[in-house]
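Visitor:
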Amino acid sequence: MKIDTITKNLLSLAISALLFCGNVAAQDNKLVFEEVMVTAEKRSESLQDISQAVTALSDSDIEDKNINSFVDLSAIVPGVTVAKNEGYKTVISIRGVGNETNQNAIAAPSVAFHMDGIFVASPFALQTDFIDVERIEVLRGPQGTLFGQNSTGGAINVISKKPSTDSFSAKADLTLGNYGLTKYRVASNVPVSEKVATRFSFSSTESDGFSTNVFTGQDLDDTNNTSVRSDWLIELDDASSLRIFGQYFEVDRNGAAIKGIDDPTPGMRNLSQDTISAHDLTSYVVAAIYESDLGFANLKVMASTQEDDISVTRDNDRHNYGDPVLVIPGLGADATYQRAEFTPETSLVETKTFEINLVSNEPAMNGKLDWTIGAFYMEHDIENHIRGYRDNNLDGEIMYECSSPLANPASCYDHDYGIPGRFDVFGAEWDFVTDAFPGRESYSIYGQTTYSFRDDLRLVTGLRYSEDTFTTDVTNFFNVETFQADGTSDKWTGKAVMEFDLDDDTMTYLSFSRGFKPGGSNLTFGFTDDNAPPMVFPTFESETLKSMEFGLKTDLMDGAARANIALFSYTYENLQFQATDPDPYRGGVANIPESEMSGLEVEFSALLSDSLSVDLNMAFLDSEVTSDYDVLDNVDAYQYFFGEEDLRYGLRENVRGNELAKSPDYTADLSMVYETEISSGVLLTAIFQWVHRGEFQQRVSNNAAVDAIDSYDLVNLTASLEFLNNDWGVDFKILNATDEDGVNSSMTDVFGVAATGLELIPPQQYMVTIGRNF
Numbered sequence: 000m001k002i003d004t005i006t007k008n009l010l011s012l013a014i015s016a017l018l019f020c021g022n023v024a025a026q027d028n029k030l031v032f033e034e035v036m037v038t039a040e041k042r043s044e045s046l047q048d049i050s051q052a053v054t055a056l057s058d059s060d061i062e063d064k065n066i067n068s069f070v071d072l073s074a075i076v077p078g079v080t081v082a083k084n085e086g087y088k089t090v091i092s093i094r095g096v097g098n099e100t101n102q103n104a105i106a107a108p109s110v111a112f113h114m115d116g117i118f119v120a121s122p123f124a125l126q127t128d129f130i131d132v133e134r135i136e137v138l139r140g141p142q143g144t145l146f147g148q149n150s151t152g153g154a155i156n157v158i159s160k161k162p163s164t165d166s167f168s169a170k171a172d173l174t175l176g177n178y179g180l181t182k183y184r185v186a187s188n189v190p191v192s193e194k195v196a197t198r199f200s201f202s203s204t205e206s207d208g209f210s211t212n213v214f215t216g217q218d219l220d221d222t223n224n225t226s227v228r229s230d231w232l233i234e235l236d237d238a239s240s241l242r243i244f245g246q247y248f249e250v251d252r253n254g255a256a257i258k259g260i261d262d263p264t265p266g267m268r269n270l271s272q273d274t275i276s277a278h279d280l281t282s283y284v285v286a287a288i289y290e291s292d293l294g295f296a297n298l299k300v301m302a303s304t305q306e307d308d309i310s311v312t313r314d315n316d317r318h319n320y321g322d323p324v325l326v327i328p329g330l331g332a333d334a335t336y337q338r339a340e341f342t343p344e345t346s347l348v349e350t351k352t353f354e355i356n357l358v359s360n361e362p363a364m365n366g367k368l369d370w371t372i373g374a375f376y377m378e379h380d381i382e383n384h385i386r387g388y389r390d391n392n393l394d395g396e397i398m399y400e401c402s403s404p405l406a407n408p409a410s411c412y413d414h415d416y417g418i419p420g421r422f423d424v425f426g427a428e429w430d431f432v433t434d435a436f437p438g439r440e441s442y443s444i445y446g447q448t449t450y451s452f453r454d455d456l457r458l459v460t461g462l463r464y465s466e467d468t469f470t471t472d473v474t475n476f477f478n479v480e481t482f483q484a485d486g487t488s489d490k491w492t493g494k495a496v497m498e499f500d501l502d503d504d505t506m507t508y509l510s511f512s513r514g515f516k517p518g519g520s521n522l523t524f525g526f527t528d529d530n531a532p533p534m535v536f537p538t539f540e541s542e543t544l545k546s547m548e549f550g551l552k553t554d555l556m557d558g559a560a561r562a563n564i565a566l567f568s569y570t571y572e573n574l575q576f577q578a579t580d581p582d583p584y585r586g587g588v589a590n591i592p593e594s595e596m597s598g599l600e601v602e603f604s605a606l607l608s609d610s611l612s613v614d615l616n617m618a619f620l621d622s623e624v625t626s627d628y629d630v631l632d633n634v635d636a637y638q639y640f641f642g643e644e645d646l647r648y649g650l651r652e653n654v655r656g657n658e659l660a661k662s663p664d665y666t667a668d669l670s671m672v673y674e675t676e677i678s679s680g681v682l683l684t685a686i687f688q689w690v691h692r693g694e695f696q697q698r699v700s701n702n703a704a705v706d707a708i709d710s711y712d713l714v715n716l717t718a719s720l721e722f723l724n725n726d727w728g729v730d731f732k733i734l735n736a737t738d739e740d741g742v743n744s745s746m747t748d749v750f751g752v753a754a755t756g757l758e759l760i761p762p763q764q765y766m767v768t769i770g771r772n773f
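Numbering of the sequence shown is given in numbering that gives the first Met the number 0, commencing with residue 0 and proceeding in unit increments.
Pasting the structure below:
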């Protein structure tokens, strides 16, 4: 959708909204939205006073919209697309800016995840369930000042409920549903003394799989998650406090259903793969937050230690041995899939962070200047091991090394790892073997000011300096290939925003901002030879994003309706993406010189009556590569092998004009909530929700055979009864009521097998929840 079409939509929507809200106000001009307070700019302020696109989801919004994890934010928040990837990764894109480097351990996401203001570095932490959450704030657009690197797309801050010394409270609920769903949740707040309080929360979810591997009999897309959180608040004196919390998350399940795109098994939720899969993850964050009111400013000091430990076994060819190959060209009519698997891939991610900031309490310069200053430091270490096997002799069986628990003692290999070479010289049928130890060290300083020229005119300026150093120590194929690298990225980023109040209820703003994501190194890269030049190099460059955004935030008709609108244009430089090299089995991160995006986002809410409210969120997005740049698609290149690098290189294509990955042209979320007291002390709430996720391309290659992801529509229905006199409640939910077999995402391997697998959204689910507040 081009910008002129977006403008027409904006005008049409604005006129419709004004007419609609006029009718609303005529019915009842006493209905008013409550003020929403957020901390998106490091200080507590009204959502309507912040000159950027921010969505704030309250705890009731999270329940009403069935948001249990990051994946559930997709399309509900304007401009946000959350893709499941490889069965054990989560890729968040905001306005088309996401993590297109998911197969590289050291490459960073483009959307920064914060937990209670603490930066959480590991992308594996995005698999965690939300537990005891007060609010989720989603900041759209580059956050190059206050949030810094890895936030070129935006930032998500998950804010937990804070312990309180006021009184004891607790809640518990039990959910039962189809597919064997059983979910327990408990949360309690306990004042230990006048100065100390603690909050404890626990959640456990189990369910059978939504899909079945008919070859192994495994249930896939199953759930076995446990979350625990302990949070302590110590009021040191009237002006200072110390908060210490720990949050732990565990997954122990069979794994995701990743159906091969050529899998002939009937039924979208049935697949046939010859590998037993497993997915195990433990993730924890331990943090301390010290706050002190110094009078002139508020001091906050935050420190954390984090660890994610994951082990995954999966079918790497996404098919069964002998399935015909249809989407990979040039292999012949009798080509079939080879057996391939990762047994296993493991990663241990350890992170330490420290941040300190000062936020002014009273404006300086005769009440005209608010300011924020701060500094940030991070150590980030990764240990990544991959043991990939492939049926290289095409007999349908895999020869494992004898030390593997899967090995057949009568036909296994006990290597001499000192022998140089690759694949069969090791004996076992290796596909890819790596032991990688990448790391990062980052620090930054930042400041932001707001200067008031008049009561209705303000200038916001911000500046941040970031320096990021990476190191890499990689061993591939048991010391046959070793590689060490290091490098430093440093950038100044920031923003300038002009705010203007049209009246007491309406603010407009025009902003210019810049975001940055550091570079890094690759596990594999191309060799320089006579056949073809390399297209993937040992290191890749940092990426930057320049944004221009115009926004309008308004409360309409005496507060009975609210509309927030953002119109933006991006220039994206050195976009990091997963690339394939002419050398077989060689892939890594490369940079596309320039791309552009533009779009429109609308958030509209109205109180139609004392009982009925409506909430509508929409996003329109247009994206394309604007520079000439050649990309080699592994799907096309797979037909040629060693010694044919020149033929592989000849298949490269210029991606200029291609759509960026995971950039749906249109998304929408419509919710209607009806509340009424049906008898004394019994409150009935009925919720209708419609979610539309538009079509998109999974990769920048825009390969019609594997990258085109169709749109889908979801309808969710909820009816709940709340017994006000005794604090009991019961909810009835039907999710995906039309049983849509929508595709959440796909994944195509850029290294070896070139296989593509699809991951679906959950099928129709019905469930009942019984809960009580104490």
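Glycine included, every Cβ here is placed at the ideal spot set by N, Cα and C.
1) Specify the secondary structure class of Met-377 as computed by DSSP and reduced to three states.
2) Can you tell me whether Val-31 is buried or exposed, with buried defined as 16 or more other CB within 10 angstroms of its CB?
3) Pairing CB atoms from the stretch 118-137 with CB atoms from the stretch 65-74, are three or more of them under 8 Å?
4) Closest by CA to Arg-338, which one among Asp-307, Met-398, Ser-310, Glu-354?
5) Which residue's Cα is closest to the Cα of Glu-290: Thr-717, Ile-355, Leu-145?
6) Taking the alpha-carbon of Lys-490 as reference, which of Gln-148, Ser-45, Val-35 has the nearest alpha-carbon?
7) Could you have a look at Gly-770 and say whether DSSP puts it in helix, strand or coil?
8) Counting C-beta neighbours from all protein chains within 10 Å, is the total for Ile-769 16 or more, i.e. buried, or is it exposed?
9) In terms of alpha-carbon separation, which member of Leu-325, Leu-175, Arg-252, Thr-492 lies closest to Thr-151?
10) Checking the sheet assignment: what are the DSSP bridge partners for Asp-292?
11) Can you check whether the C-beta of Tyr-87 is within less than 8 Å of a C-beta belonging to chain C?
12) Hey, could you find the ends of the alpha helix (DSSP H) Ile-61 is sitting in?
13) Which residue comes first and which comes last in the alpha helix (DSSP H) that contains Arg-647?
14) Is the stretch 109-117 in contact with the stretch 156-163, if contact means three or more CB pairs nearer than 8 Å?
15) Return the residue from the list Thr-89, Trp-727, Gly-514 that minimises the CA-CA distance to Met-746.
16) How many angstroms separate the CA atom of Asn-101 from the CA atom of Gln-577?
17) If we call anything under 8 Å between Cβ atoms a contact, is Asn-633 one with Val-535?
18) Can you find the residues in the same chain that come closer than 6 Å, C-beta to C-beta, to Gly-21, ignoring five residues on each side of it along the sequence?
19) Look at the Cβ atom of Phe-515, then the Cβ atom of Lys-494, and state whether they are nearer than 8 Å.
20) Using the three-state DSSP reduction, which class does Ala-406 fall into: helix, strand or coil?
21) Should the stretch 69-79 be called in touch with the stretch 264-283, which here means at least 3 C-beta pairs below 8 Å?
22) How big is the Cα-Cα spacing for Ser-200 and Val-729?
23) Quick one: residues in its chain with C-beta nearer than 8 Å to the C-beta of Gln-764, no 5 flanking neighbours on either side, listed in chain order?
24) With a CB to CB cut of under 6 Å and the five nearest residues on each side skipped, what residues in its chain are close to Leu-606?
25) What are the start and end residues of each continuous beta strand (DSSP E) run of 3 or more residues lying completely inside the stretch 425-476, in chain order?
26) Quick check: what's the CA-CA separation for Gly-420 versus Ser-744?
27) Touching or not, the stretch 683-702 and the stretch 710-723, by the rule of three or more beta carbon pairs under 8 Å?
28) Along the beta strand (DSSP E) that carries Ala-171, what are the first and last residues, could you check?
29) Going by C-alpha to C-alpha distance, which of Ala-120, Val-699, Arg-242, Ala-296 sits closest to Val-195?
30) Cα-Cα, which of Ser-187, Thr-449, Ser-92 is closest to Ile-49?
31) Per DSSP, Tyr-399 forms a beta bridge with which residues?
32) Determine contact between the stretch 277-284 and the stretch 323-341, defined as no fewer than three beta-carbon pairs at a distance below 8 Å.
33) Excluding the 5 residues preceding and the 5 following Ser-610 in the sequence, name in chain order all residues of the same chain whose CB lies nearer than 8 Å to its CB.
34) Taking all protein chains shown into account, do 16 or more other C-beta atoms lie within 10 angstroms of the C-beta of Ser-679, making it buried, or fewer, making it exposed?
35) Could you work out which residue in Leu-723, Tyr-637, Ser-710, Ile-381 is closest to Arg-439 when comparing CA atoms only?
36) Just to confirm my understanding: we take Val-851, look at its own chain, exclude 5 residues before and 5 after, and list those with CB closer than 8 Å. What are they?
Guide: Taking the definition as stated:
1) For the purposes of this step, residue 377 is taken as residue 378 along the sequence shown, with counting starting at 1. If DSSP states are grouped into helix, strand and coil, Met-377 belongs with the strands.
2) The residue labelled residue 31 in the question sits at position 32 within the sequence shown. Exposed.
3) Yes, they touch.
4) The sequence position of residue 338 within the sequence shown is 339, counting from 1. Distances from the alpha-carbon of Arg-338 to those of Asp-307, Met-398, Ser-310, Glu-354 put Met-398 closest.
5) Your numbering for residue 290 matches position 291 in the sequence shown. Comparing alpha-carbon positions, the option among Thr-717, Ile-355, Leu-145 lying closest to Glu-290 turns out to be Ile-355.
6) Counting from one through the sequence shown, the residue named residue 490 turns up at place 491. Per the Cα distances, Gln-148.
7) Indexing the sequence shown from 1 puts residue 770 at position 771. Here Gly-770 sits in strand by DSSP.
8) Taking the sequence shown and counting its residues from 1, one reaches residue 769 at position 770. Residue environment for Ile-769: exposed (fewer than 16 other C-beta atoms within 10 angstroms of its C-beta).
9) Here residue 151 corresponds to residue number 152 of the sequence shown, with the count starting at 1. Ranking Leu-325, Leu-175, Arg-252, Thr-492 by Cα distance to Thr-151 puts Thr-492 first.
10) Your numbering for residue 292 matches position 293 in the sequence shown. In the DSSP output, where bridge partners are listed per residue, Asp-292 has Asn-297.
11) Going by chain labels, chain C is absent from the structure shown, which holds only one protein chain.
12) Counting from one through the sequence shown, the residue named residue 61 turns up at place 62. Where Ile-61 is concerned, the enclosing alpha helix (DSSP H) stretches over 58-63.
13) The count along the sequence shown starts at 1 and reaches residue 647 at position 648. DSSP places Arg-647 inside the alpha helix (DSSP H), whose first and last residues are 644-648.
14) Yes: the two stretches touch, three or more of their Cβ pairs being nearer than 8 Å.
15) Against the sequence shown, residue 746 aligns to sequence position 747. Distance from the Cα of Met-746 is smallest, within the candidate group Thr-89, Trp-727, Gly-514, for Thr-89.
16) For the purposes of this step, residue 101 is taken as residue 102 along the sequence shown, with counting starting at 1. For the purposes of this step, residue 577 is taken as residue 578 along the sequence shown, with counting starting at 1. Distance from the CA of Asn-101 to the CA of Gln-577, rounded to the nearest whole angstrom, comes to 8 Å.
17) Mapped onto the sequence shown, residue 633 falls at position 634. Mapped onto the sequence shown, residue 535 falls at position 536. With contacts defined by Cβ atoms closer than 8 Å, Asn-633 and Val-535 do not form a contacting pair.
18) Walking along the sequence shown from the start, residue 21 turns up at place 22. No answer about Gly-21 holds up, because its pLDDT of 46 lies below 50 and its placement is not dependable.
19) For this step, residue 515 is matched to residue 516 along the sequence shown. For this step, residue 494 is matched to residue 495 along the sequence shown. Against a cut-off of 8 Å, the Cβ pair of Lys-494 and Phe-515 comes out as no contact.
20) Here residue 406 refers to the residue found at position 407 of the sequence shown. The answer is coil: DSSP assigns Ala-406 none of H, G, I, E or B.
21) The answer is no - the stretch 264-283 does not touch the stretch 69-79, with fewer than three Cβ pairs under 8 Å.
22) In the sequence shown, residue 200 corresponds to position 201, counting from 1. In the sequence shown, residue 729 corresponds to position 730, counting from 1. Each residue's alpha carbon lies about 20 Å from the other.
23) One-based indexing of the sequence shown puts residue 764 at position 765. In chain order, Gly-176, Asn-177, Tyr-178, Leu-180, Lys-732, Ile-733, Leu-734, Asn-735 place their CB closer than 8 Å to the CB of Gln-764, counting only its own chain and leaving out the 5 sequence neighbours on each side.
24) Position 607 of the sequence shown holds residue 606. Excluding positions up to five away in sequence, the list reads Leu-30, Ala-559, Ser-612.
25) Under the rule that a run must span 3 or more residues, the beta strand (DSSP E) segments found entirely inside the stretch 425-476 read 429-435, 438-453, 456-475.
26) Position 421 of the sequence shown holds residue 420. Position 745 of the sequence shown holds residue 744. Note that Gly-420 scores a pLDDT of 42, beneath 50, so its modelled location is shaky; the value from the coordinates is reported in the next line. In a straight line, the C-alpha of Gly-420 is about 37 Å away from that of Ser-744.
27) Contact between the stretch 683-702 and the stretch 710-723 is present, because at least three Cβ pairs lie under 8 Å.
28) Looking up residue 171 in the sequence shown gives position 172. Residue range 168-176 is occupied by the beta strand (DSSP E) that includes Ala-171.
29) As a working note, residue 195 is residue 196 in the sequence shown. For the set Ala-120, Val-699, Arg-242, Ala-296, the Cα lying nearest the Cα of Val-195 is the one of Arg-242.
30) Translated into the one-based positions of the sequence shown, residue 49 becomes position 50. Ranked by Cα distance from Ile-49, the first of Ser-187, Thr-449, Ser-92 is Thr-449.
31) Mapped onto the sequence shown, residue 399 falls at position 400. Answer by DSSP bridge pairing: none, since Tyr-399 is not bridged.
32) Touching, no, given that fewer than three Cβ pairs across the two stretches are closer than 8 Å.
33) The count along the sequence shown starts at 1 and reaches residue 610 at position 611. Spatial neighbours of Ser-610 in its own chain (CB-CB distance under 8 Å, excluding positions within 5 residues in sequence) are listed in chain order as Tyr-673, Glu-674, Thr-675.
34) The residue given as residue 679 occupies position 680 in the sequence shown. Result: exposed.
35) The residue given as residue 439 occupies position 440 in the sequence shown. Comparing Cα-Cα distances from Arg-439 to each of Leu-723, Tyr-637, Ser-710, Ile-381, the minimum goes to Ile-381.
36) As shown, the chain starts at 0 and ends at 773. That puts residue 851 outside it, with no answer to give.
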